[in-house]
Amino acid sequence: EDKVVQSPLSLVVHEGDTVTLNCSYEVTNFRSLLWYKQEKKAPTFLFMLTSSGIEKKSGRLSSILDKKELSSILNITATQTGDSAIYLCAPFGNEKLTFGTGTRLTIIP
Amino acid sequence: DTGVSQDPRHKITKRGQNVTFRCDPISEHNRLYWYRQTLGQGPEFLTYFQNEAQLEKSRLLSDRFSAERPKGSFSTLEIQRTEQGDSAMYLCASSLGGQGASYGYTFGSGTRLTVV
């Protein structure tokens, strides 16, 4: 059965701190890994990673995939209160996304 | 609006009633997915369509759940004889997919179901 584990489950930091969120997966027929941000509604897309070792960057967020270790990390630098959300990792395999439980990130002003 | 639309946004129903949700995907997307999300959990896969064909159903999807995508465009998810355990957010997503790949995987805002 496909499995996704995210850590930590919850993280509370002060504004301006840098955070690293972790995702490990076991998915058959793996093709790519997606990161989403979820506030009160539907998940919104952040990154799609297909190749190992190539960092994707968007502003203060960056992410990288390690296919050998079956893992990915999401980094957020200079955090802001608007970064408070649940961050979901979802590998794509067997024609669908499988989600972890997410990391709940809280930024204290 | 070119995003994924779901209707209704909220539904409160009495236990034992039937409910139906609708999802309108991004028009050029051939794949449509249904997920269920409960508090503190990530979305759980329920089923997906490629065009009008339902290609996979999760073991989570009991006989009370049925989904259709009659013309390969919008989809409906029906829950019969609702139970309190069906209370959740039901998310729809669409993508352009085929041969093991999927692009532009986009979620709708979800339908929040409360069974009382």
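Residue numbers (the numbering used here), protein chains in the order written: chain Z, 948 to 1056; chain V, 17 to 132.
Every residue, glycine too, gets a C-beta built ideally from N, C-alpha and C.
Which residues of chain Z have a Cβ atom closer than 9 Å to the Cβ of residue i, listed in chain order?
| i | result |
| --- | --- |
| Gln-57(V) | Phe-1046, Thr-1048 and Gly-1049 |
| Glu-72(V) | Asn-1041, Glu-1042 and Lys-1043 |
Could you work out which residues of chain V lie near residue i, taking near to mean beta carbons separated by less than 8 Å?
| i | result |
| --- | --- |
| Leu-981(Z) | Tyr-121 |
Are the CB atoms of residue i and residue j nearer to each other than 7 Å?
| i | j | result |
| --- | --- | --- |
| Glu-986(Z) | Ala-1025(Z) | no |
| Ser-89(V) | Arg-47(V) | no |
| His-961(Z) | Ile-1055(Z) | yes |
| Leu-62(V) | Ser-78(V) | no |
| Gly-124(V) | Gln-57(V) | no |
| Thr-98(V) | Gln-33(V) | yes |
| Leu-1052(Z) | Tyr-983(Z) | no |
| Thr-975(Z) | Gly-1040(Z) | yes |
| Leu-1017(Z) | Tyr-972(Z) | yes |
So that I know if they touch, is there some Cβ in chain V lying closer than 7 Å to that of residue i?
| i | result |
| --- | --- |
| Leu-1035(Z) | yes |
| Phe-994(Z) | no |
| Phe-1039(Z) | yes |
Report the option in the options whose CA atom is closest to the CA atom of residue i.
| i | options | result |
| --- | --- | --- |
| Ile-42(V) | Thr-127(V), Ser-91(V) and Ala-104(V) | Ser-91(V) |
| Thr-1045(Z) | Arg-25(V), Tyr-49(V), Thr-36(V) and Leu-129(V) | Tyr-49(V) |
| Leu-93(V) | Asp-40(V), Gly-19(V) and Lys-30(V) | Asp-40(V) |
| Gln-96(V) | Thr-29(V), Phe-37(V) and Arg-80(V) | Arg-80(V) |
| Ala-109(V) | Thr-54(V), Lys-27(V), Ile-28(V) and Gln-66(V) | Gln-66(V) |
| Thr-122(V) | Leu-981(Z), Leu-968(Z) and Asn-969(Z) | Leu-981(Z) |
| Ala-83(V) | Arg-31(V), Leu-107(V) and His-45(V) | Leu-107(V) |
| Val-132(V) | Pro-24(V), Arg-25(V), Thr-29(V) and Gly-126(V) | Thr-29(V) |
I'd like to know if residue i contacts chain Z, where contact means its C-beta is closer than 7 Å to some C-beta of that chain.
| i | result |
| --- | --- |
| Ser-110(V) | no |
| Gly-19(V) | no |
| Ser-118(V) | yes |
List the residues of chain Z that residue i touches, going by C-beta distances under 7 Å, in chain order.
| i | result |
| --- | --- |
| Leu-77(V) | Going along chain Z, no residue has its Cβ under 7 Å from Leu-77(V), so there is no contact; the nearest lies around 13 Å. |
Below 7 Å on C-beta distance, what does residue i contact in chain V?
| i | result |
| --- | --- |
| Lys-988(Z) | Ser-125 and Gly-126 |
Mind checking whether the beta-carbon of residue i lies closer than 6 Å to any heavy atom of the ligand GDP?
| i | result |
| --- | --- |
| Thr-1048(Z) | No copy of the ligand GDP appears in this structure; indeed no ligand is present at all. |
Under 8 Å Cβ-Cβ, which residues of chain Z neighbour residue i?
| i | result |
| --- | --- |
| Gly-113(V) | Glu-1042 |
So if I threshold CB-CB distances at 9 Å, which residues from the region 35-67 of chain V count as touching chain Z?
Arg-47, Tyr-49, Tyr-51, Gln-53, Gly-56, Gln-57, Gly-58, Pro-59, Glu-60, Phe-61, Tyr-64 and Gln-66
Cβ-based contacts, 7 Å cut-off: residues of the region 89-111 of chain V near chain Z
Leu-107
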